[in-house]
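Undergrad: Just dropping this structure here.
2 protein chains.
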Amino acid sequence: MSERRFDPTTGEWVTFATHRQERTFLPPADSCPLCPDPAGAWDGEIRRPEFDIAVFDNRFPSLRPDPEAPAVAGSELMPVAPARGRCEVVVYSSDHATSLSRVGAGRVRLLLDVWADRYAVLGAEGHAYVLPFENKGEVIGVTLHHPHGQIYAFDEIPPRPLRELSAAARHRAATGRCVECDVVAAEVAGGDRVVAAGERWVAHVPFWARFPYEVRLSPREHLPSFAAVDAAGRDDLAGVLVDVLAGLDALFGFEMPYIMGIFSEPTGGDPAAAGWDGAWSDISHLHLLISPPYRTATKLKYLAGVESMGGAFMTDVAPETAAANLRAAIAREAAAGHASGVGTL
Amino acid sequence: MSERRFDPTTGEWVTFATHRQERTFLPPADSCPLCPDPAGAWDGEIRRPEFDIAVFDNRFPSLRPDPEAPAVAGSELMPVAPARGRCEVVVYSSDHATSLSRVGAGRVRLLLDVWADRYAVLGAEGHAYVLPFENKGEVIGVTLHHPHGQIYAFDEIPPRPLRELSAAARHRAATGRCVECDVVAAEVAGGDRVVAAGERWVAHVPFWARFPYEVRLSPREHLPSFAAVDAAGRDDLAGVLVDVLAGLDALFGFEMPYIMGIFSEPTGGDPAAAGWDGAWSDISHLHLLISPPYRTATKLKYLAGVESMGGAFMTDVAPETAAANLRAAIAREAAAGHASGVGTL
Chain E
1 MSERRFDPTT GEWVTFATHR QERTFLPPAD SCPLCPDPAG AWDGEIRRPE FDIAVFDNRF
61 PSLRPDPEAP AVAGSELMPV APARGRCEVV VYSSDHATSL SRVGAGRVRL LLDVWADRYA
121 VLGAEGHAYV LPFENKGEVI GVTLHHPHGQ IYAFDEIPPR PLRELSAAAR HRAATGRCVE
181 CDVVAAEVAG GDRVVAAGER WVAHVPFWAR FPYEVRLSPR EHLPSFAAVD AAGRDDLAGV
241 LVDVLAGLDA LFGFEMPYIM GIFSEPTGGD PAAAGWDGAW SDISHLHLLI SPPYRTATKL
301 KYLAGVESMG GAFMTDVAPE TAAANLRAAI AREAAAGHAS GVGTL
Chain U
346 MSERRFDPTT GEWVTFATHR QERTFLPPAD SCPLCPDPAG AWDGEIRRPE FDIAVFDNRF
406 PSLRPDPEAP AVAGSELMPV APARGRCEVV VYSSDHATSL SRVGAGRVRL LLDVWADRYA
466 VLGAEGHAYV LPFENKGEVI GVTLHHPHGQ IYAFDEIPPR PLRELSAAAR HRAATGRCVE
526 CDVVAAEVAG GDRVVAAGER WVAHVPFWAR FPYEVRLSPR EHLPSFAAVD AAGRDDLAGV
586 LVDVLAGLDA LFGFEMPYIM GIFSEPTGGD PAAAGWDGAW SDISHLHLLI SPPYRTATKL
646 KYLAGVESMG GAFMTDVAPE TAAANLRAAI AREAAAGHAS GVGTL
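Chains as they are written, first to last, in our numbering: chain E, 1 to 345; chain U, 346 to 690.
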């Protein structure tokens, strides 16, 4: 069973992929499917002795280019559709024990090219939205420890990006400006929530951070996707991202789990779905969001009743305090040579 | 620090309550703040030898009736507001070791009156939305094991209920009907996702269930809130709810953690915020949603990158299978005298 079903009480689609119950779950390190397996000794995914970054289709995909027909009959009220799309795995290193925060700026820089390349390829395949993301840490629910991210290509714009695009459309209609441009300008002017800033990219703890140590990375310029970020911009982001990840790891003295998402211009769909009558690029400002689940060194932020049922986030750390703590952690790492020390403004 | 901050990139408010970092965290059973503490021996909340249900203000509230002024200056782009509202605790029993699934139908019936009463009182205080909910189980993040729920009264309609109301408004505008009425009628006609059904209430696993064993309970009739549910309707719901909770506990052989929310007609705010030009009651159909986090007896469903960053849920159990499993669990419990055996249609 592999299909999408429509929830008419929210207007959102939910995907069902029952074969995923059997997916690989925390395999031992000597049979990791993401480690180099040149001879196919344990049916690994990558038949090479080593690699820098590897991208391939997820063996247990929720979305497929040629999905089977839905198993259930839908209705006008509750339609059903094939679970069309793509699920890719992006392995960051052939070293099982490293992490994105430790692979180094060169590898991070290469990853930006990979994201840009997959965005172009998957967009050209006709998918409406390309979402690279990373789940890191067992508390997040990762089932494979080998450092990797994923890319989902959706045939419709998923709910959260669509809500952001809709808010951007309202802001643009009201002010004539891009909301992310305005936020970045305000943060650069204020400075107390900025944690790392290059010439072209700024990382800050949002004024409204839903997770205490959430960090948002945005280009200062209005660039809709990595397709518009040139080599200098990618170099700059690599430095900022390395510093943010180093700071997160240094913050509590352990490697920080997180969820990271990259939000780009849709590659399909009608801007009217976001209430916009212009081009997607008018209201799309590329940004990365990193949400770590810890609120102290020992306490997790859970999405319980208020967040889950209300959609209303309650947070108990001031973003200005979180940003100051992160800046201090990055400064310590930079002094020890573990961060680029891009700086803050 | 206690304030609400606006996120212009989504149009949602986030609440900050830094004093909550110090809230009580899994206290030992002999100093449980929710146990009867008639002599005030450990500064408990309830100075009585026993009680049926107790309701009082949360000692560590995120929202308060008379909040302090915001600590930070907002702007037109990112406004800030006092964190006004109410946070109440609803203790289900003086017995520390019981749970809502085991207090019995009489106590559940009383809880429905409590929800109705608090809805009326908090609505009359001028709050825009009253959200009763329960977080159950350490995997959900509960900090107190004593069986209890909570009620938040918000001064604006929180994001998730507002999304449901907006979808209901679109459906009503397109069809002239209530979407929840249509869903309930379709489920009653189909039957394969219904898990328990009384004369007036129906519990079913939604066609689009985001969590595998999610259960939605709705009155068959278009009733906007508990204010409109008469004594017979409350009796009926008590039986259905007891059966659903008994079935969830029996499903995997351990007491099922869950998040439960009760969605009612807003008590304030302008229906125009949901795109509706009539009354809230036109598009508000009372319902309860119970979301357990387990997808198998040993595996949790995590809200990782796709869900958290995309807002797109991926599920690996067919709702029809989940409903059949829950029906069988309820039938076993009813045969053993642990469920009311309200039945299914």
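Even glycine gets a Cβ: it sits at the ideal position worked out from N, Cα and C. Bear in mind that the values here come from a model prediction, so they are computed numbers and not experimental data.
Classify Ala384 (chain U) as helix, strand or coil using the three-state DSSP reduction.
TA: One-based indexing of the second sequence puts residue 384 (chain U) at position 39. Coil, per DSSP.
Undergrad: Who are the Cβ neighbours of Arg429 (chain U) in its own chain at under 6 angstroms, not counting the five residues just before and after it?
TA: Counted from its first residue, the second sequence places residue 429 (chain U) at position 84. The residues are Pro412 and Asp500.
Undergrad: Here's the rule I'm using: 16 or more other beta-carbon atoms within 10 Å means buried, otherwise exposed. How should Pro36 (chain E) be labelled?
TA: To locate residue 36 (chain E), count along the first sequence from 1; it is residue 36. So Pro36 (chain E) counts as buried.
Undergrad: Check the Cβ of Met346 (chain U) against every Cβ in chain E and list those closer than 7 angstroms, keeping chain order.
TA: By one-based count along the second sequence, residue 346 (chain U) stands at place 1. Neighbours of Met346 (chain U) on chain E, chain order: Ala318.
Undergrad: Please confirm whether Thr606 (chain U) has its beta-carbon closer than 9 angstroms to some beta-carbon of chain E.
TA: Here residue 606 (chain U) is taken as the residue at index 261 of the second sequence, counted from 1. Note on identity: in this sequence residue 606 (chain U) is Gly, with Thr being the wrong assignment. Output row for Gly606 (chain U): interface = yes.
Undergrad: Look up Ser563 (chain U) in the DSSP assignment and say whether it is helix, strand or coil.
TA: Counted from its first residue, the second sequence places residue 563 (chain U) at position 218. Here Ser563 (chain U) sits in strand by DSSP.
Undergrad: Nearest CA to the CA of Thr9 (chain E): which residue from U:Glu348, U:Val528, U:Arg672 and U:His567?
TA: Taking the first sequence and counting its residues from 1, the one referred to as residue 9 (chain E) is at position 9. That would be U:Val528, whose Cα lies nearest to the Cα of Thr9 (chain E).
Undergrad: Should Trp42 (chain E) be labelled buried (16 or more other beta-carbon atoms within 10 Å of its own) or exposed?
TA: The residue given as residue 42 (chain E) occupies position 42 in the first sequence. So Trp42 (chain E) counts as exposed.
Undergrad: Starting from Phe351 (chain U), follow the alpha helix (DSSP H) in both directions and report where the run begins and ends.
TA: Mapped onto the second sequence, residue 351 (chain U) falls at position 6. Element bounds for Phe351 (chain U): not the alpha helix (DSSP H) but the beta strand (DSSP E), Ser347 to Asp352.
Undergrad: What three-state label does DSSP hand Gly605 (chain U) in the structure shown?
TA: Sequence index remark: in the second sequence, residue 605 (chain U) carries index 260 (1-based). It should be noted that the sequence gives Met, not Gly, for residue 605 (chain U). Of the three classes helix, strand and coil, the one that applies to Met605 (chain U) here is strand, per DSSP.
Undergrad: Name the chain U residues whose beta carbon is nearer than 7 angstroms to that of Arg5 (chain E)?
TA: In the first sequence, counting from the first residue as 1, residue 5 (chain E) sits at position 5. Neighbours of Arg5 (chain E) on chain U, chain order: Phe552 and Trp553.
Undergrad: Under a CB-based cut-off of 9 angstroms, is Leu455 (chain U) close to chain E?
TA: Position 110 of the second sequence, counted from the first residue, corresponds to residue 455 (chain U). No, its Cβ sits nowhere closer than 9 angstroms to a Cβ of chain E.
Undergrad: Counting C-beta neighbours from all protein chains within 10 Å, is the total for Thr360 (chain U) 16 or more, i.e. buried, or is it exposed?
TA: For this step, residue 360 (chain U) is matched to residue 15 along the second sequence. The residue in question, Thr360 (chain U), is buried, as its Cβ has 16 or more Cβ neighbours within 10 Å.
Undergrad: Would you kindly work out how many angstroms separate the C-alpha atoms of Pro319 (chain E) and Ala414 (chain U), rounded to a whole number?
TA: Reading the first sequence from its first residue, position 319 is the one you call residue 319 (chain E). Reading the second sequence from its first residue, position 69 is the one you call residue 414 (chain U). Near 17 angstroms, if we compare the C-alpha coordinates of Ala414 (chain U) and Pro319 (chain E).
Undergrad: Given that a residue counts as buried once 16 or more other Cβ atoms are within 10 Å of its Cβ, and exposed if not, what is Ala153 (chain E)?
TA: Within the first sequence, numbered from 1, the residue matching residue 153 (chain E) stands at position 153. By the 10 Å Cβ count, Ala153 (chain E) comes out buried.
Undergrad: Ordered along the chain, which non-local residues of its own chain (more than five positions away) have a Cβ less than 6 angstroms from that of Gly613 (chain U)?
TA: As a working mapping, residue 613 (chain U) is identified with position 268 in the second sequence. The answer, listed in chain order, is Ala473.
Undergrad: Does any C-beta atom of chain U lie closer than 9 angstroms to the C-beta of Asn135 (chain E)?
TA: In the first sequence, residue 135 (chain E) corresponds to position 135, counting from 1. Judged by the 9 angstroms Cβ criterion, Asn135 (chain E) is in contact with chain U.
Undergrad: How would you list, in chain order, the residues of chain E whose beta-carbon sits under 8 angstroms from the beta-carbon of Gly356 (chain U)?
TA: Within the second sequence, residue 356 (chain U) is the residue found at index 11, counting from 1. Within chain E, the residues near Gly356 (chain U) are Arg163, Ser166, Ala167 and Arg170.
Undergrad: Quick check: what's the CA-CA separation for Pro206 (chain E) versus Arg392 (chain U)?
TA: For the purposes of this step, residue 206 (chain E) is taken as the residue at position 206 of the first sequence. For the purposes of this step, residue 392 (chain U) is taken as the residue at position 47 of the second sequence. Whole-angstrom Cα-Cα distance: 43 angstroms.
Undergrad: Answer yes or no: the CB of Val195 (chain E) versus the heavy atoms of the ligand GTP, is any distance below 8 angstroms?
TA: Annotation note on the ligand GTP: not contained in the displayed structure, which lists no ligands.
Undergrad: Buried or exposed for Ala421 (chain U), going by 16 or more other Cβ atoms inside 10 Å?
TA: By 1-based counting over the second sequence, the position of residue 421 (chain U) is 76. Note on residue identity: the sequence assigns Glu, not Ala, to residue 421 (chain U). Exposed, by the Cβ-count rule.
Undergrad: Please go through the same chain and pick out, in chain order, the residues whose beta-carbon is closer than 6 angstroms to the beta-carbon of Gly543 (chain U), but skip the five residues on each side of it.
TA: Counting from one through the second sequence, the residue named residue 543 (chain U) turns up at place 198. Counting only Cβ-Cβ distances below 6 angstroms, and skipping sequence neighbours, we find Asp581, Gly584, Val585 and Val687.
Undergrad: Can you check whether the CB of Gly11 (chain E) is closer than 9 angstroms to the CB of Ala512 (chain U)?
TA: As a working note, residue 512 (chain U) is residue 167 in the second sequence. As a working note, residue 11 (chain E) is residue 11 in the first sequence. Contact: yes.
Undergrad: Give the DSSP bridge partners of Gly85 (chain E), in chain order.
TA: The residue given as residue 85 (chain E) occupies position 85 in the first sequence. According to DSSP, Gly85 (chain E) bridges with E:Phe154.
Undergrad: Note down the Cα distance separating Ala203 (chain E) from Ile290 (chain E), rounded to an integer number of angstroms.
TA: Taking the first sequence and counting its residues from 1, one reaches residue 203 (chain E) at position 203. Taking the first sequence and counting its residues from 1, one reaches residue 290 (chain E) at position 290. Whole-angstrom Cα-Cα distance: 10 angstroms.
Undergrad: What is the C-beta distance between Pro415 (chain E) and Pro257 (chain E), in whole angstroms, given that I count them as a contact (C-beta under 8 angstroms)?
TA: The question about residue 415 (chain E) has no answer here: the residues shown for chain E are numbered 1 through 345.
Undergrad: Leaving out five residues on either side along the sequence, give the residues of the same chain with a beta carbon under 6 angstroms from the beta carbon of Arg349 (chain U).
TA: The sequence position of residue 349 (chain U) within the second sequence is 4, counting from 1. Hits under 6 angstroms: Trp358, Thr360, Ala426 and Ala428.
Undergrad: Establish whether the CB of Arg220 (chain E) and some CB of chain U are separated by less than 9 angstroms.
TA: Within the first sequence, numbered from 1, the residue matching residue 220 (chain E) stands at position 220. So, not an interface residue.
Undergrad: For Val466 (chain U), report the span of its alpha helix (DSSP H) as first-last.
TA: In the second sequence, residue 466 (chain U) corresponds to position 121, counting from 1. Looking at the DSSP string, the run of the alpha helix (DSSP H) that includes Val466 (chain U) is Ala450 to Ala469.
Undergrad: Would you give the residue range spanned by the beta strand (DSSP E) that Asp57 (chain E) belongs to?
TA: Stepping through the first sequence from its first residue, residue 57 (chain E) is reached at position 57. Segment Ala54 to Asp57, the beta strand (DSSP E) holding Asp57 (chain E).
Undergrad: Just checking my contact of Gly578 (chain U) with Arg545 (chain U) at CB under 8 angstroms: how many whole Å lie between their CB atoms?
TA: Numbered from 1 along the second sequence, position 233 holds the residue referred to as residue 578 (chain U). Numbered from 1 along the second sequence, position 200 holds the residue referred to as residue 545 (chain U). That belief holds up - the Cβ atoms of Gly578 (chain U) and Arg545 (chain U) are roughly 5 angstroms apart, short of 8 angstroms.
Undergrad: Per DSSP, Thr520 (chain U) is paired with what?
TA: Here residue 520 (chain U) is taken as the residue at index 175 of the second sequence, counted from 1. DSSP, once it has assigned bridges, lists no residue as partnering Thr520 (chain U).
Undergrad: In chain order, what residues of the same chain have a beta carbon less than 7 angstroms from the beta carbon of Ile675 (chain U), not counting five sequence neighbours either side?
TA: Reading the second sequence from its first residue, position 330 is the one you call residue 675 (chain U). If we look at Ile675 (chain U) and ignore the five residues flanking it on each side, its Cβ neighbours are Val540, Ala541, Asp588, Ala591, Gly592 and Ala684.
Undergrad: Any idea what DSSP makes of Gly239 (chain E), helix, strand or coil?
TA: Position 239 of the first sequence holds residue 239 (chain E). Correct three-state label for Gly239 (chain E): helix.
Undergrad: Quick one: give me the first and last residue of the beta strand (DSSP E) that Pro132 (chain E) is part of.
TA: Looking up residue 132 (chain E) in the first sequence gives position 132. First-last of the beta strand (DSSP E) with Pro132 (chain E): Tyr129 to Lys136.
Undergrad: Alpha carbon to alpha carbon, how far is Gly471 (chain U) from Arg431 (chain U)?
TA: Counting from 1 along the second sequence, the entry for residue 471 (chain U) is found at position 126. Counting from 1 along the second sequence, the entry for residue 431 (chain U) is found at position 86. Each residue's Cα considered, the two are about 11 angstroms apart.
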